[in-house]
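The letter at position 146 of the sequence shown is residue 149 when you use this note's numbering, and the numbering goes up by one with no holes.
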Amino acid sequence: MPSRARGLLYALAGATIGAVAARIAYSAFTRDKPADLSGRWTRKNHRGEPITLLEGPAFVAGAGAAAAFTPGLTPRVRAAALLAGAGSGALGAYDDLYGTTSSKGFKGHLSALARGEVTSGAVKILGIGATGLGAAALVSQGPADTLVNGAAIAGSANLANLFDLRPGRAFKVGLLTGGPLLAAALFRDQPAAGALAAVPLGAAAALLPDDLGERAMLGDAGANALGALLGLAAVTKLGRPGRYALLGTVVALTAAAEKVSFTKVIAGNPVLNRIDMLGRRPVDPI
4 MPSRARGLLY
14 ALAGATIGAV
24 AARIAYSAFT
34 RDKPADLSGR
44 WTRKNHRGEP
54 ITLLEGPAFV
64 AGAGAAAAFT
74 PGLTPRVRAA
84 ALLAGAGSGA
94 LGAYDDLYGT
104 TSSKGFKGHL
114 SALARGEVTS
124 GAVKILGIGA
134 TGLGAAALVS
144 QGPADTLVNG
154 AAIAGSANLA
164 NLFDLRPGRA
174 FKVGLLTGGP
184 LLAAALFRDQ
194 PAAGALAAVP
204 LGAAAALLPD
214 DLGERAMLGD
224 AGANALGALL
234 GLAAVTKLGR
244 PGRYALLGTV
254 VALTAAAEKV
264 SFTKVIAGNP
274 VLNRIDMLGR
284 RPVDPI
């Protein structure tokens with residue numbers, strides 16, 4: 004079989020396994036909780052309505068199954084995907100369940116840590132940094148590469164979570180960034196990179212309708228896993244200049260989020276706002 008055809012087959016397998024596994028997991032997690040809107044896995048959305056966070060664990064399960072069973076991935080890349088996705092997802096779930104609002108943002112949690120206060124957010128930041136480095140070590144060449152790639156993976160996990168403030172937004176950002184990455188891998192005849200990029204995209208596409216319909220939300224568990232897996236796919240696919248550019252972009256956007264509201268910026272731009280509102284319920288009048 005020609006390598007391009009094989010790469011397409013691997014990518015289709017990764018997306019399909021991720022989509023099917025995510026839907027099965029979501030159905031299993033929510034089967035006995037259709038009316039449970041006051042439990043531990045429930046939060047209020049931007050409208051103040053109760054909504055389940057179980058979409059996040061379903062995404063982690065779906066992407067994890069795809070990482071484990073998608074053909075075309077080397078053992079080291081497979082292990083890196085499982086570590087990045089499951090590790091960041093577990094740490095995000097910890098923050099979902101036990102997090103507080105006493106400190107907010109990257110700066111807030113690290114400032115609290117400097118004062119000797121260990122917040123759930125600080126545990127998540129340090130933990131995702133560690134899992135990002137661990138995943139990077141499996142796919143990198145040398146300490147310098149590992150540091151850059153690990154920072155990009157961890158930073159992408161955090162950045163995806165910053166977009167998870169409105170229905171479907173984090174998934175849309177993931178699909179809009181991961182789609183070109185997948186296409187480039189297939190075009191350049193890189194089957195493993197294409198399969199790795201497809202892993203989170205299938206799970207994201209399968210769960211997007213519930214997110215847009217405001218029946219469920221990703222939470223930190225799902226958003227962190229989505230970003231980490233896309234970051235891993237990017238550092239595996241890109242050359243050194245591209246990886247430095249990725250890290251610089253992630254750092255710049257994370258720093259900007261400390262000063263400006265992404266929601267206000269998106270709402271103020273007609274094109275971004277149209278994309279953001281696509282498939283969503285209309286905004287309630289003020």
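A virtual CB, placed ideally from N, CA and C, is assigned to each residue, including glycine. This structure is a prediction, so every number in the text was calculated from the model and none was measured.
Secondary structure at residue i, three-state DSSP: helix, strand or coil?
i	result
K47	strand
T122	coil
K262	coil
P146	helix
D39	Reliability of the predicted coordinates at D39 is poor, the pLDDT of 48 falling under 50, and the value obtained from them is presented with this limitation in mind. Looking at D39 - three-state DSSP - the assignment turns out to be coil, as it is neither helix nor strand.
R284	coil
G75	coil
L199	helix
P170	coil
D292	Absent from the structure is residue 292, since the part of the chain shown begins at 4 and ends at 289.
N272	coil
G88	helix
L241	coil
I278	helix
What does a CB cutoff of less than 8 Å around residue i pick up in its chain, not counting 5 residues either side in sequence?
i	result
D213	Y29, E58 and A219
Spatial neighbours of residue i within its chain, please: CB distance less than 6 Å, with the 5 preceding and 5 following residues excluded, ordered by chain position.
i	result
L136	G153
G130	L94
Please name the residue or residues paired with residue i in a DSSP beta bridge.
i	result
T55	T45 and A219
Please determine, among the options, the residue with the shortest C-alpha to C-alpha distance to residue i.
i	options	result
L281	G225, G216, N48 and G95	G216
L199	Q144, A187 and D148	A187
A195	W44, A16, T19 and T77	T77
A260	T73, F72 and N161	N161
F72	I27, A18 and G92	A18
I20	F62, I54 and R34	F62
D148	R243, R169 and T252	R243
A64	L100, T122, L150 and G205	G205
A70	L178, K47, P273 and A22	A22
I27	A258, A68, Y101 and R50	A68
A66	Q144, A8, P203 and L56	P203
V238	K127, L141 and A226	L141
L211	L178, G132 and N227	L178
T33	A14, A24, N48 and T55	T55
Would you please state the rounded distance, in angstroms, between the beta carbons of residue i and residue j? I believe it to be under 8 Å.
i	j	result
G95	G222	7 Å
I156	A139	6 Å
G230	S159	4 Å
T134	G90	3 Å
L249	L256	About 11 Å; that fails the 8 Å criterion.
A163	V151	Wrong, their Cβ atoms sit about 19 Å apart, outside the cutoff.
K127	D167	Actually they do not touch by this definition, with Cβ atoms about 14 Å apart.
L235	A83	6 Å
For residue i, I'd like the list of residues in its chain whose CB is within less than 7 Å of its CB, leaving aside the five on either flank, ordered along the chain.
i	result
T180	L233
Would residue i count as contacting chain C if we go by Cβ distances under 7 Å?
i	result
T239	The structure shown has no chain C; it contains just one protein chain.
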